[in-house]
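Asker:
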Amino acid sequence: MGNILNQIGIENYIFLSVVLFCIGIFGVLYRRNAIIVFMSIEIMLNAVNLLFVAFSTYHQDAQGQVFVFFSMAVAAAEVAVGLAILVSIFRNIGSISIDNLKNLKG
Amino acid sequence: MNVSTILIILLIGAFVTYFSGDKLASKVALLFSLAALVCSIVLLNNYSAGENISVINSWITQPKISFALNADGLGLAMVLLTAALTPIIIFSSFGNEYKNAKAFYGLILFMAFAMTGTFLAADGLLYYIFWELALIPIYFIALIWGNGDAEERRKAVVKFFIYTLAGSLFMLTAFIYLYTKAGSFLIEDLYKLDLSACEQLWIFLAFFLAYAIKIPIIPFHTWQANVYQKAPTVGTMLLSGIMLKMGLYSVLRWQLPIAPLAAKEYMNIFIALGIAGVIYGSIVALRQKDLKKLLAYSSLAHVGLIAAGSYTLTLDGLRGAVMQMIAHGFVVVGLFFAAEVIYRRFETREIEAMGGIRTQSPKFTSMFLILVLASVALPSTFNFVGEFTVLYSLSQVNIWFAILGGTTIILGAYYMLRMFQHVMLGETNSKTFADVSLNEGISFVAIIAVLLFFGFYPKPITDLITPSLETILQVINKN
Amino acid sequence: MNTLIAITGLGIFCLLFEILNLRKAIIPITILGLIGVLALNFYEFGTEQSYYNNMVAVSKFSTAFSSLFIVLTIFLVALSHNFYQNHPTKISDYVAIKVFLLAGAVAMVSFGNLAMFFLGIEILSIALYVLAASDRLNIKSNEAGMKYFLMGSFASGIILFGICLIYGAMGSFDISEIHESALSAELPIWFPIGLILMIIGMLFKVAAVPFHFWAPDVYEGSPALTTALMSTLAKVVAIATLFKLIAGMNVISSLENQDLLNTFEVIVVIISIASMCVGNIMALRQVNVKRMLAFSGISHAGFMLMTLLTVSASAGVLLYYTAAYALSGIAAFSVILYVCRDQDNEDITNFHGLGKTNPLLAAILTASLLSMAGIPIFSGFFAKLFLFNQTIQAGYIGLVIVAVINSIISVGYYFKLIIAMYSKEPNQERTGKPFLIYATAVVSIALNIILGLFPSLVLDLLQ
Amino acid sequence: MDTNLALILVLTPLLGFLVNVFFGKSLGKTVSGAIGTIAVAISFVVSLLLFNQITSTGKGIEVTLFDWIQISNLKINLGFLLDQLSVLWLLFVTGIGSLIHLYSISYMHDDENMHKFFSYLNLFVFFMITLVIGSNLLVLFIGWEGVGLCSYLLIGFWHKNQDYNDAAKKAFIMNRIGDLGLLIGMFIIGSMFSTLDYATLKTAIAGASNLDSSLLSLAALCLFIGACGKSAQIPLYTWLPDAMAGPTPVSALIHAATMVTAGIFMVTRLNFVFDLATDVQSVIAIIGAITSLVAATIGLVQNDIKKVLAYSTVSQLGLMFLALGFGAYEVAVFHVITHAFFKACLFLGSGSVIHGLHGEQDMRNMGGLRKVMPITFWTMLISSLAISGVPFFSGFFSKDEILLTAFHHSIPLYVVGSVASIMTAFYMFRLMFLTFFKEFRGTEEQKHHLHESGSLITIPLIILAILATFGGLISLPGHSWLNKYLAPLFTKATEGEHHLGTTEYTLMGVAVLGGLLGILIAYVKYFKQDNVPEADENITGLSKVLYNKYYVDEVYDAVFVAPVNSLSKFFRDYIETGLSALVFALGKIANEIAFQGKKLQTGSIGLYLFVFVLGLCAIVSYIFLAQ
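So the protein sequences, as listed, match chains A, B, C and D.
FYI, in this note's numbering the residues of the first sequence are 1 to 106.
FYI, in this note's numbering the residues of the second sequence are 1001 to 1479.
FYI, in this note's numbering the residues of the third sequence are 2001 to 2463.
FYI, in this note's numbering the residues of the fourth sequence are 3001 to 3627.
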């Protein structure tokens, strides 16, 4: 297992997940559809999860992988709540574009 | 029995007054203020009998703050001023009807409590706390029971509050800095500090900001006239009679001894500021249309002279300043009360609308005239004693200070007599002016009696304050 | 630890009561339960222990703050009685959520392992998302919930990334181990980055500039009670956790790399100054009280961040400051809840003439505002005093002067409300004296003043 | 014993004052008048006793009551010094005082506030006595300001008329200007010799070696400014003519006989200071001379009977200062006394005339009163002769002494003085002719009620006329009782003792001739050709300038009063508002920033997150840079 990391240095994993993470960030910044924003956030989290796994291999220690389960569970819970909110918004204003959420300002 | 008794009496008084209901409030307040007066006189006796009436308990362990009240001659003199003026002020308000009187009189007593505390506190932070506490009641008194256009009043009062708070917060910073040096807020520890000239300068300035705004010294006086005009007369009396003195007292007690080097270094500048205040205030007072505003500017002029006296760092200067504080406290309260008495009859403070009162009210006229003459420091009034001493001390520093400061004798006479002429003299006024009632008369007579008595025999006060002033001077000149 | 378990149990009980149709009993029982928990917590105070191979580490710090959180929750639960009168079916959910939220909060201050820390944050946040959006039919509430959710989960992502990097650097999630290796090992560059990412995530939670934008909108949109919870409990929890994170890992002071330490301090100074200034100045022009308090909360966050400069010494100061701030906040919000019961907004105009109609509540609100403004004898003043004292002793006099100027500015908007209450004419009937609201207001302000009179009570707990 | 005497002396007038203030109205006019008069009369008796004592023992009495003001290096106590000078002053203050009180009982009888009038008069006497017998400068200052106050009250006695009030205010403020000088002088002396007590000061100066003479001169100058204020010398004289707004007895008592001589008293008191400041002395002399001339010239053309007398008072005071300037204190004192007699008499006489004409003061509407009020006429005639220096009347001796002294020191000032006295003679007799001779020029209605005043008015007139005649005897040239009496006061050998040689006689002759000349001109102009001064509008040329008092008041207004007032307006309208605007500006700025900031809070999640990320990047990149 270690040989993989010998072949491909840990840095590459970090770069990969950083890139993924940034993709997620840009997704959140530039997409206006709430669902897609959720997905972008998921991308961010998963980028992190990937890195966790990589590191746990790197350190030869299982904690990292355990942590991934935590984060997945949490992510699931979050999205559940998020979707619930989204539904009620859709009921009220019939749209899921976050551009319509500008009543509170100033 | 120690000085905390007065504070307790006043504080309890404030609450009892509040719960005694609108009917009784004024009487109860008067009762408690009189009790405080009696108590302070008793304390004065004990003090002069050599009994120790100071208190010191530790309060907060980390940082080390203690509940320390120290009554020396100076402190007691100011406490007596407060304790004597409060009943007069309360009594003078008997002619007026205030809605929600219980809160009103409660606040007055609370303010008296805070101001007494300021004069007694011997721990920097305790002092600061009392100093700030005194601000809140007057804020509400002016805001709620004040007169004139509501919007204007709000602006004036908020400006006053923020302005004074701004000053005092810098003082707080200075105190904290001192604490980091001394490891204690106790005044004697702060006295012991020897700070570098630079530190002293900054601390001096921080204090100065607080006091210059409170006293007020020009150009920090812009809150004064408006607030005096807008506040109910009782509030104005409290402000001008006692609260200004808090600033002046603090100069003597805290600013000069803690930063003596800076005080000596820049003495002339601050004396000059004070004297500038004298001239400026007098000149501005000349052409005021509103009686209360005129009095406000006159008191600006007078406190300018007092401040100048305190910054001379001579025994005479300090002593004269203290005597002038007391004298001015009484006379200004009397004058504002006179304005109120006129307002009760004529419902106006515009000087143009007055005049021709003398023919209708000989008693009031003579009392008012005596107060006017006292405020222009006619010999045989207490004000003369103070003013003479201060001017003398100024002449010792630099004869020009005395000459310029002395212009108050001329300008003061000018604006006060001008005011008197247009308010009281002239063809009989069409509106009828009932002469002073018994209550009003009592307040006036009390004030006038004090002024005349000490005018001829100031010895008691001099003997009371001199020792403590000497100790302060020793601290100032320690190095 | 027992506290944590007890709280969770209590939460579950609340849900059970719903099933057993004991709605009436929920609030009193919860309050009693929480008081019990509080006692338990006091009992735990002073015991230094760690459970589940240091997942949860109970310390003076954690117990002290836990007690504060519990007290706040008691107040919040008490307030919810009147707040949810109209829809009684939900009451158990809301109360239960609050209790679970408290569990998350306790977990956050007593974490011994980053996993626990992360879980705590998420429990708290998710609960808050729900509460923020809890007024389902109200668009504002939805919007608030959405905004908070999106930005919150974004922030959690950042935090998670930070945790990950730290793990990568240290090979462990355990605070003490991280501390060890931070002292010894040569640090890879991504360790400080990870740390900063975590800190930024927490700064978002405490709503420090420039991560504060969510706060005003969410505060305004959410139901008043939730706002109260956010501005008192949530903020306090976040700042405490941030403090513990830095103090507990003790990385900052142990960094042998001096200029990194300086960098960190510069960042903290800048952020706290920015928060104070932005918060106070923006609050000046607000007409909505909740929004105004949101900005004042931002500025207070700036004040609290100053403690991070003197981590080793200022735990007690932070505890005192948070307690003072939260108590005055509770008092203020209970008055706001009363005044704006049947208003659709919380504009200042609703407060006109409160001094005449409800002198007591007006006085309480005034007191709490004065406390926030830092006027003596209210604990807010001493909080500021001790904070300034600490900071000056650490040599940041410039920072203190900025803080002083800010507290001057803050008076401007606090007094706008006071003036409205006392010098304007009443514009509406205010009937009824709901006992719980009055009680909460009185008790909280009383506690505030007691703290002011005897600061040593709290201040010396963490010496 | 002495203490009690002194206290009785001081306190009886005060008592009278208090009684009249509190019970005057209920007591009724006559009673309150009587009380006032008796109070002063008692002090007069006491002064007589004291005088007796002094002359017998020959040394002064010191009375110390208690410490008053403590200042570090000087201790000031409330004490009295009764020596030759003060007792002499007491005599004519209380003496003339009581006469004038007596006079006022009848004169003021129609005034509703008569009791007030008497209480003020008593208060004045009280303060005047304090001024005179104070044992140090500060006690003198009490009296000094006190009499100023009383003159303020009495000038503005008819307070319904704002012009009178203005006059009163003017008097008080101009006095205050002088008082500032006096104070400064006190400060300098106090810091130099650390005492304000006359006796100690005298010894201190006598004992002092290497005095800072320039500082001492400064002090003397300041004191002299004070004297200028009180004694109406240039430049502070303009208040005195206006002060005639007060009731005539007031003019007689305060503005002729007593208060205005306070300045001379003070200078004489401090002669040992002034002797050392020779340059200041010459200043005094010059100012005195100029004042006497200027006032006399103005007096030439005045038509208000009291104004004429007022200006003559100013000019006489000028002559006294001329004498003081030459260190001839006893001469000045001598003239003070004689002047007190005849000027009081003149004022009271004019008062009686005005009384007779029901308030008419313009001489152009008088005339021919000789027959209807003979007593007034004769008494005034005597006094006029006295003031004009006609031989063997009191004024002759005193004025002559002054001119002699002037001649000995400086011819020019002598000339000025003589011219002034010639003019005096002229305008006094102008007054006499216009008032008492020829036909009555007033209205018929007035003519009806013309009558000689009552005995209460005429008796004081007669007494004063007698004094004005024989007052000169106290200091006959050659062997002067006064000089011997005052000798102990002065350090230097006394000046006035001129052995009567030819020069003296010639000078006397010149003076007499001058006086007679003045009278003659007046006789020709107003009796022979009996022209009457024109109405105000067609006064022209030089006499217009004179009639308008050289426009001094206008100049003062333009130079001092107007600027101060406009400055005050400027401060009020611009500086004050500006300052407070400045303070408000801070708040405004903050609000403005807040207003702009609100725009940043757009409510768009995208923006918020964008800023979030920006901050994140900023911080992270900062860490990299800092590494």
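Even glycine gets a Cβ: it sits at the ideal position worked out from N, Cα and C.
(1) Under 8 Å between beta-carbons, which chain C residues line up against Leu1143/B? List them in chain order, please.
(2) What residues are listed by DSSP as bridge partners for Ser2050/C?
(3) Is there a Cβ of chain C sitting closer than 8 Å to that of Val1390/B, yes or no?
(4) Which residues mark the beginning and the end of the alpha helix (DSSP H) in which Trp3089/D is found?
(5) Any C-beta of chain B sitting closer than 8 Å to the C-beta of Leu3180/D?
(6) Using DSSP with H/G/I as helix, E/B as strand and the rest coil, what is Gln3070/D?
(7) To the nearest angstrom, how far is it from the Cα of Ser3351/D to the Cα of Pro1362/B?
(8) Given this structure, state the Cα-to-Cα distance separating Ser3072/D from Thr1471/B, to the nearest angstrom.
(9) Quick one: list the residues of chain A neighbouring Val3611/D, beta-carbon separation under 8 Å, in chain order.
(10) Just to confirm before moving on: does the CB-CB distance between Leu3346/D and Met3380/D stay below 8 Å?
(11) Use the C-beta contact count for Ser2156/C: other C-beta atoms within 10 angstroms, 16 or more gives buried, fewer gives exposed.
(12) So, does the CB of Ser71/A fall closer than 8 Å to a CB anywhere in chain C?
(13) Would you say Ile3593/D faces chain A, with C-beta separation under 8 Å as the test?
(14) Select from Gly3349/D, Ser3621/D, Gln3446/D, Leu3319/D the residue whose C-alpha is nearest the C-alpha of Gly3395/D.
(15) Helix, strand or coil: how does DSSP classify Leu3065/D here?
(16) Would you check if the stretch 2334-2344 of chain C and the stretch 2400-2418 of chain C touch, i.e. whether three or more CB-CB distances between them fall below 8 Å?
(17) For the alpha helix (DSSP H) holding Ile1187/B, just list the boundary residues, first then last.
(18) Rounded to whole angstroms, what's the CA-CA distance from Thr3055/D to Phe3127/D? Just pull it up for me.
(19) So who's on the other strand from Leu3078/D, going by DSSP bridges?
(20) Using a threshold of 8 Å, state whether the C-beta atoms of Leu1037/B and Ala1084/B are closer than that.
(21) Could you check the C-alpha separation between Ile35/A and Leu2150/C for me, to the nearest Å?
(22) How many angstroms separate the CA atom of Ala1276/B from the CA atom of Asp1123/B?
(23) Hey, could you find the ends of the alpha helix (DSSP H) Ile1060/B is sitting in?
(24) Is it the case that the stretch 3506-3518 of chain D contacts the stretch 3416-3434 of chain D, given that we only count it when at least three CB pairs across the two stretches are under 8 Å?
(25) Report all residues from its chain with a CB closer than 8 Å to the CB of Tyr3485/D; omit the five preceding and five following residues, and keep chain order.
(26) For the stretch 2371-2382 of chain C, which residues have a CB atom closer than 9 Å to at least one CB atom of chain B, in sequence order?
(27) May I have the straight-line CA-CA distance separating Ala3626/D from Ala3594/D, to the nearest angstrom?
(28) Looking at the unbroken alpha helix (DSSP H) that takes in Ile3142/D, where does it start and where does it end?
(29) What residues from the stretch 2274-2305 of chain C come within 8 Å of chain B, judged by C-beta to C-beta, listed N to C?
(30) If the cut-off is 7 Å on Cβ atoms, which residues from the stretch 3559-3577 of chain D count as contacting chain A, listed in chain order?
(31) Let me check understanding here. Comparing Cα to Cα, which of Ile3605/D, Phe3610/D, Val3620/D lies closest to Asn100/A?
(32) Can you say whether Ala2207/C is buried or exposed, counting buried as having 16 or more other CB atoms within 10 angstroms of its CB?
(33) Under 8 Å between C-beta atoms, does Leu3582/D make it to chain C?
(34) Consult DSSP for Leu3357/D and reduce its assignment to one of helix, strand or coil.
(35) Please report the straight-line C-alpha distance between Tyr1297/B and Phe1382/B, rounded to a whole angstrom.
(36) Might you give, ordered along the chain, the residues of its own chain that have their beta carbon closer than 6 Å to the beta carbon of Val1341/B, omitting 5 neighbours on each side?
Answerer: According to the data block:
(1) Ile2419, Tyr2422, Ser2423
(2) Ala2057/C
(3) Output row for Val1390/B: interface = no.
(4) 3084-3107
(5) yes
(6) Three-state result, Gln3070/D: strand.
(7) The displayed chain sequence assigns Gly, not Ser, to residue 3351/D. One C-alpha to the other measures close to 28 Å.
(8) 15 Å
(9) By Cβ distance, chain A contributes nothing, its closest Cβ being about 11 Å from Val3611/D, past 8 Å.
(10) yes
(11) buried
(12) yes
(13) no
(14) Leu3319/D
(15) strand
(16) No, the stretch 2400-2418 of chain C is not in contact with the stretch 2334-2344 of chain C.
(17) 1187-1192
(18) Approximately 25 Å between the Cα atoms of the pair.
(19) Phe3066/D
(20) Yes; because the gap between Cβ atoms is below 8 Å, this pair is in contact.
(21) 11 Å
(22) 33 Å
(23) Looking at the DSSP string, Ile1060/B is not in any alpha helix (DSSP H); the run it does join, the beta strand (DSSP E), is 1055-1060.
(24) yes
(25) Result list for Tyr3485/D: Thr3055, Gln3084, Leu3088, in chain order.
(26) So the close ones are Ala2373, Gly2374, Ile2375, Pro2376, Ile2377, Phe2381, Phe2382.
(27) Ala3626/D and Ala3594/D have their C-alpha atoms roughly 33 Å apart.
(28) 3137-3155
(29) Contacts with chain B (Cβ-Cβ distance below 8 Å) from the stretch 2274-2305 of chain C involve no residue at all.
(30) none
(31) Ile3605/D
(32) buried
(33) no
(34) coil
(35) Near 20 Å, if we compare the C-alpha coordinates of Phe1382/B and Tyr1297/B.
(36) Glu1440
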